[in-house]
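These notes are about the structure you will find just below.
Numbering (the numbering used here), first residue to last: 642 to 782.
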């Protein structure tokens, strides 16, 4: 019964998508015509602009030997994050160690028990942000 309901719902959704496509094609994007068909008009997108640098970068505890794990607050509009690491903080010597679309990152093959510094940049349509505030991480032993 549950499976039959799911199949029927998928069929109805497909038909609604076809009908919406027909309305879009015949209306030529005129909002009044779309609304008169009973469909809603999509909200127009607007540019996001420059992103803020990633924030709330924190160390995440892990049991995997030689791993340093971090997470941060995701930036709306970010397509990619670059993750940088430094073995010293006076001065920082940032090296790009990875890229991710997630708001978390694991650095593996680090020296267990050693401290490392991490920082992150966000990349969006308007370019790359400056580095986040650094976060000190000890590789799991």
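All C-beta atoms, glycine included, are put in the ideal place defined by N, C-alpha and C. A quick note: this is a predicted structure, and the numbers were derived from the prediction, not measured.
{"query": "Assigned secondary structure, residue 711 (DSSP; H/G/I helix, E/B strand, else coil)", "result": "strand"}
{"query": "Among 734, 699 and 695, nearest to residue 716 - alpha-carbon criterion", "result": "695"}
{"query": "Validate contact between the stretch 680–696 and the stretch 763–778 using beta carbons, cut 8 angstroms, 3 pairs", "result": "yes"}
{"query": "Segment limits, beta strand (DSSP E) that includes residue 741", "result": "736–741"}
{"query": "Beta-carbon spacing of residue 763, residue 757 below 9 angstroms", "result": "no"}
{"query": "At least three beta-carbon pairs within less than 8 angstroms, the stretch 741–755 to the stretch 695–710", "result": "yes"}
{"query": "Boundaries (first-last residue) of the alpha helix (DSSP H) holding residue 764", "result": "Counting along the chain, residue 764 falls outside any alpha helix (DSSP H), though it belongs to the beta strand (DSSP E) covering 756–765."}
{"query": "Proximal residues to residue 755 (C-beta, below 6 angstroms), its chain only, five neighbours per side dropped", "result": "780"}
{"query": "Segment limits, beta strand (DSSP E) that includes residue 777", "result": "776–779"}
{"query": "Cβ-heavy atom distance, residue 654 to the ligand ADP, below 8 angstroms", "result": "In terms of ligand content, the structure shown is empty, and the ligand ADP therefore cannot be addressed."}
{"query": "Where residue 769 sits in the DSSP three-state scheme", "result": "strand"}
{"query": "Secondary structure of residue 701, DSSP reduced to three states", "result": "strand"}
{"query": "Under 9 angstroms between C-beta atoms of residue 742 and residue 720", "result": "yes"}
{"query": "Alpha-carbon to alpha-carbon, residue 683 and residue 700", "result": "40 angstroms"}
{"query": "Segment limits, alpha helix (DSSP H) that includes residue 605", "result": "No information on residue 605 is available, as it lies outside the stretch 642 to 782 that the chain covers here."}
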